[in-house]
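The numbering used here applies: residue 23 is where the sequence shown begins, and numbers increase by one.
Ideal Cβ positions, reconstructed from N, Cα and C, are used throughout, including at glycine.
See below for the structure under consideration.
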Amino acid sequence: MAKSGDYEIPPQVIVLDATAQLKALMSIIRGKTTQRGDFIFYSDRVIRLLVEEALNHLPFVEKEVITPTGAKYDGLGFKGQICGVSIMRAGEAMEQGLRDCCRSVRIGKILIQRDEETAMPQLYYAKLPPDISKRFCLLLDPMLATGGSANKAIEVLLDHGVPEENILFVNLICAPEGIEKMLAVYPKIKIVTAEIDAGLDENKYIIPGLGDFGW
23 MAKSGDYEIP PQVIVLDATA QLKALMSIIR GKTTQRGDFI FYSDRVIRLL VEEALNHLPF
83 VEKEVITPTG AKYDGLGFKG QICGVSIMRA GEAMEQGLRD CCRSVRIGKI LIQRDEETAM
143 PQLYYAKLPP DISKRFCLLL DPMLATGGSA NKAIEVLLDH GVPEENILFV NLICAPEGIE
203 KMLAVYPKIK IVTAEIDAGL DENKYIIPGL GDFGW
């Protein structure tokens, strides 16, 4: 089993290869003094890498095409349709990366906020494609800390008929605590992330993290 530091990475979690390019990009967006414009530009680059990797984990079917030379080419085609669902607000920053890879992709939105009395995540808004139950769903949220909001969003998707195994959670940085909480409830989910951090501090912030992901 692969490891991130002392953490054994579950098989449902796909972590981008720690290339020099990725480490350089993550160093920029994690930096305390990084300017807003640079943060947006370089986080967009990481998001594009994440979406490309997530698409690799969707099912494909064999597809034969004829090239302009008249020759046959044995290739692949996507099996079924996809959609994106962003967890507002931060998840909306990942929508363009998905659009850049998938022309005319349908995108839904879910807003989850913590109830002031119970401290539990509550659904406040959801607008999803009407045929979402028939699609593979890329759930977008840049940070996975405690996993409370993400788990609530997955619950919403399941309530709308999306099979658990058709959901890929795509994010930039995970805390092990969030991964374990998600997979304990939804073991068929796949998680695609750029990096897994050490954990959460006493305030439930990801460490080393990058602070609040906001534009």
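Between the stretch 127-145 and the stretch 185-205 there are fewer than three C-beta pairs closer than 8 Å, too few to call the two in contact. Counting C-beta pairs with one atom in each stretch, the stretch 191-204 and the stretch 163-170 have three or more that are closer than 8 Å, which means they touch. Each of Pro164, Asp181, Glu138, Asp153 was checked against the Cα of Leu232, and the nearest Cα belongs to Pro164.
DSSP places Gly119 inside the alpha helix (DSSP H), whose first and last residues are 117-123. Look at Met110 here: in three-state DSSP terms it is strand. By the neighbour-count criterion, in which 16 or more other beta carbons inside 10 Å mark a residue as buried, Asp219 falls on the buried side. According to the DSSP assignment, Leu194 belongs to the beta strand (DSSP E) that extends over 189-196. Rounded to the nearest whole angstrom, the CA to CA distance from Pro81 to Ala148 is 27 Å. DSSP places Gly233 outside both helix and strand once states are collapsed to three, so it counts as coil.
Here Asp122 is actually not in contact with Arg157; their C-beta atoms are around 19 Å apart, not less than 8 Å.
Tyr95 and Lys85 have their C-alpha atoms roughly 8 Å apart. For Val73, the uninterrupted alpha helix (DSSP H) run begins and ends at 58-78, by DSSP. Bridge partners of Glu84 according to DSSP: Leu98. Here the alpha carbons of Gly92 and Leu150 stand approximately 42 Å from one another. Taking 9 Å as the cut-off, the Cβ atoms of Val83 and Leu44 do not count as close.
Residue pairing by DSSP puts Ala148 in a beta bridge opposite Ile132.
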